[in-house]
Amino acid sequence: MSERSEDAAAALYAQGMKLAKNNDWPEAEAAFRQAAELAPKASVTWLSVAIACCHQGRYEQAVLAIEWALHAAMPIRETPESVLGVARWEAADWRGVEEAFRRLLQKEPIDSPTHLFLAIALISQNRVQEGVDELMAGYRMEIAESES
0 MSERSEDAAA ALYAQGMKLA KNNDWPEAEA AFRQAAELAP KASVTWLSVA IACCHQGRYE
60 QAVLAIEWAL HAAMPIRETP ESVLGVARWE AADWRGVEEA FRRLLQKEPI DSPTHLFLAI
120 ALISQNRVQE GVDELMAGYR MEIAESES
């Protein structure tokens with residue numbers, strides 16, 4: 000990515016954050032989406048899109064944005080639970096995804112993709128608040144990772 004598009008993405012992300020703080024979620028989502036188009040590997044930006052969608056009750060769109068964030072996030076650590084969870088995710092077996100990734104939450108180190116897969120599974124089961132909680136946990140981990 001060029002420095003110019005990186006700067007533009009950062010400016011759009013900052014604009015989205017300002018709009019989000021003012022609870023202008025449709026405009027925040029638009030700014031985050033534009034930033035994500037310029038910096039598609041920025042998982043935090045995709046997660047910001049997902050959060051903005053959740054605030055608008057647009058949970059299917061939130062799930063899609065979380066999936067984009069997973070493509071951009073560091074790879075999930077390979078364990079029997081994660082392999083099983085990803086296989087169940089590919090089969091859209093949301094309870095199976097939840098079971099596998101909840102087991103993975105019991106093992107250190109916990110990574111953001113674990114929370115994000117759980118968020119998708121829970122939102123897809125209409126357990127929205129639990130899903131949003133997992134989304135926020137993954138978001139906080141990605142923020143911490145980007146700042147270190």
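The numbering of the sequence shown is numbering that gives the first Met the number 0, which starts it at 0 and goes up by one.
All C-beta atoms, glycine included, are put in the ideal place defined by N, C-alpha and C.
All figures in this text were calculated on a predicted structure; none of them were measured in a lab.
Handout entry: Asp6 (DSSP reduced to helix, strand or coil)
Key = helix
Practice task
Assign Pro112 to buried or exposed, taking buried as 16 or more other Cβ atoms, counted over all protein chains shown, within 10 Å of its Cβ.
Solution key: buried
Handout entry: Where the alpha helix (DSSP H) containing Ala34 begins and where it ends
Key = Trp24 to Leu37
Handout entry: Where Ser81 sits in the DSSP three-state scheme
Key = helix
Practice task
Use the C-beta contact count for Gly137: other C-beta atoms within 10 angstroms, 16 or more gives buried, fewer gives exposed.
Solution key: buried
Practice task
Assign Asp110 to buried or exposed, taking buried as 16 or more other Cβ atoms, counted over all protein chains shown, within 10 Å of its Cβ.
Solution key: buried
Handout entry: Entirely enclosed alpha helix (DSSP H) segments - the segment 83-141, minimum 4 residues
Key = 93-104 and 111-123
Practice task
Mind checking which residues open and close the alpha helix (DSSP H) that includes Ala41?
Solution key: Per DSSP, Ala41 belongs to no alpha helix (DSSP H) and is neither H nor E.
Practice task
Please confirm whether any heavy atom of the ligand ZN lies closer than 6 Å to the CB of Ala86.
Solution key: This structure lacks the ligand ZN; in fact it carries no ligand of any kind.
Exercise for the section: Inspect the beta-carbon positions of Trp45 and Trp67 and report whether they are closer than 7 Å. Expected result: yes
Exercise for the section: Starting from Gln60, follow the alpha helix (DSSP H) in both directions and report where the run begins and ends. Expected result: Tyr58 to Ala71
Practice task
Kindly list the residues whose CB is nearer than 7 Å to the CB of Phe116, restricted to its own chain and excluding five residues on each side of it in sequence; keep chain order.
Solution key: Gly84, Trp88, Val96 and Phe100
Problem - Contact set for Leu104: own chain, Cβ-Cβ below 7 Å, skip 5 residues either direction - result: Thr113
Exercise for the section: Round the Cβ separation of Ala34 and Leu11 to the nearest angstrom and send it over; I've been treating them as touching at under 8 Å. Expected result: 4 Å
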